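The block underneath contains the structure these notes are about, expressed in structure tokens.
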């Protein structure tokens, strides 16, 4: 339908142009031009009008040519960008498949390669960010799961688990639809210095003797977590849930506790406690055990 309308419009414009070329001089200056027995002066007027009309037509055609060229160039660029995006996505998919193969390998070196390959994919492709985070979190839960029944874990974190934690802790700051889920994982002695674990689900984790200095744990869920002997110096724990967490021997000097849920938490043997000034607006009740004042 659109093509038909365009053809009709083009035909109308062309017909109007030819009529102007033929009768235009008399339509514009008919009072001074003869219709018969034209004199040289009449020829000058007719020739000048038609020359002007030809120049105008040439200008219109040139403008239309430029518009068409610009439109075609934009279309070509858009098609090239789309093709490049499809090619890039295909390459990312191939890299992702290879990384998963490495992550499921039998040798620790293979698994390390898979972890760092996934990190590169996460940095290069924002669309795959959530998927990579979920895969690495699942890897940690699978290989560092606390025994059922509440028994002790199997010792310090392995090199692969530490690598996965490091990658997650330094992941790009992007909006994430779900919380990082590391519940009931065995992570004693893990190095999480400066880790970005805000909103993370760390309930019932074994983080004993873990290094969490300067870590971002804002809005994190840590109820029942074992933080015995951990280093929480200057960690951001604002609005975190620490209900029932074990903090015996934990160093909490400079830790931010604004609106932190400390109900049922025993801080009596925590080190570096800054008193009421540090406690601030933290949530406490009769089940919160604080170090003796003075």
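Numbering (the working numbering), first residue to last: 831 to 1124.
Glycine residues also receive a C-beta, built at the ideal position from the N, C-alpha and C atoms.
All figures in this text were calculated on a predicted structure; none of them were measured in a lab.
Three-state secondary structure (DSSP) of residue i
{"i": "residue 1102", "result": "coil"}
{"i": "residue 772", "result": "What is shown of the chain runs 831 to 1124, which leaves residue 772 out entirely."}
{"i": "residue 941", "result": "helix"}
{"i": "residue 996", "result": "helix"}
{"i": "residue 1014", "result": "coil"}
{"i": "residue 1020", "result": "coil"}
{"i": "residue 1031", "result": "strand"}
{"i": "residue 1036", "result": "strand"}
{"i": "residue 1091", "result": "strand"}
{"i": "residue 936", "result": "coil"}
Rounded C-alpha distance that separates residue i from residue j
{"i": "residue 1013", "j": "residue 1035", "result": "6 Å"}
{"i": "residue 939", "j": "residue 1107", "result": "47 Å"}
{"i": "residue 976", "j": "residue 1055", "result": "12 Å"}
{"i": "residue 1109", "j": "residue 923", "result": "48 Å"}
{"i": "residue 1015", "j": "residue 1114", "result": "27 Å"}
{"i": "residue 1065", "j": "residue 1086", "result": "6 Å"}
{"i": "residue 1032", "j": "residue 996", "result": "16 Å"}
{"i": "residue 1022", "j": "residue 898", "result": "58 Å"}
{"i": "residue 827", "j": "residue 1089", "result": "Given a span of 831 to 1124 for the chain in the structure shown, any question on residue 827 remains unanswerable."}
{"i": "residue 956", "j": "residue 1004", "result": "8 Å"}
{"i": "residue 929", "j": "residue 970", "result": "16 Å"}
{"i": "residue 1062", "j": "residue 967", "result": "22 Å"}
{"i": "residue 913", "j": "residue 1104", "result": "59 Å"}
{"i": "residue 931", "j": "residue 944", "result": "7 Å"}
{"i": "residue 1120", "j": "residue 1037", "result": "21 Å"}
{"i": "residue 1080", "j": "residue 907", "result": "59 Å"}
{"i": "residue 927", "j": "residue 990", "result": "19 Å"}
{"i": "residue 1001", "j": "residue 950", "result": "10 Å"}
{"i": "residue 1026", "j": "residue 1067", "result": "12 Å"}
{"i": "residue 1116", "j": "residue 1094", "result": "8 Å"}
{"i": "residue 925", "j": "residue 1051", "result": "33 Å"}
{"i": "residue 1008", "j": "residue 972", "result": "19 Å"}
{"i": "residue 954", "j": "residue 999", "result": "17 Å"}
{"i": "residue 904", "j": "residue 894", "result": "15 Å"}
{"i": "residue 911", "j": "residue 900", "result": "16 Å"}
{"i": "residue 890", "j": "residue 832", "result": "22 Å"}
{"i": "residue 1097", "j": "residue 985", "result": "25 Å"}
Residue i, buried or exposed, once every other Cβ within 10 Å from all chains shown has been counted against 16
{"i": "residue 1092", "result": "buried"}
{"i": "residue 896", "result": "exposed"}
{"i": "residue 1060", "result": "buried"}
{"i": "residue 987", "result": "buried"}
{"i": "residue 836", "result": "exposed"}
{"i": "residue 1046", "result": "buried"}
{"i": "residue 958", "result": "buried"}
{"i": "residue 952", "result": "buried"}
{"i": "residue 884", "result": "exposed"}
{"i": "residue 1048", "result": "buried"}
{"i": "residue 994", "result": "buried"}
Bridge partner(s) assigned by DSSP for residue i
{"i": "residue 1061", "result": "1041 and 1081"}
{"i": "residue 1066", "result": "1046 and 1086"}
{"i": "residue 975", "result": "1015"}
{"i": "residue 1026", "result": "1046"}
{"i": "residue 1096", "result": "1076 and 1119"}
{"i": "residue 1056", "result": "1036 and 1076"}
Distance between beta carbons of residue j and residue i, contact taken as under 8 Å
{"i": "residue 933", "j": "residue 941", "result": "6 Å"}
{"i": "residue 1058", "j": "residue 1078", "result": "5 Å"}
{"i": "residue 794", "j": "residue 1100", "result": "Because the chain is modelled from 831 through 1124, residue 794 falls outside the range shown and cannot be assessed."}
{"i": "residue 1044", "j": "residue 1019", "result": "Residue 1044 to residue 1019, Cβ: 17 Å. No contact."}
{"i": "residue 1010", "j": "residue 963", "result": "6 Å"}
{"i": "residue 1028", "j": "residue 1053", "result": "At roughly 16 Å, the Cβ-Cβ gap does not stay under 8 Å, so residue 1028 and residue 1053 are not in contact."}
{"i": "residue 960", "j": "residue 1006", "result": "6 Å"}
Short CB-CB distance (under 7 Å) between residue i and chain B
{"i": "residue 963", "result": "The chain labelled as chain B is not found in the depicted structure, where only one protein chain is given."}
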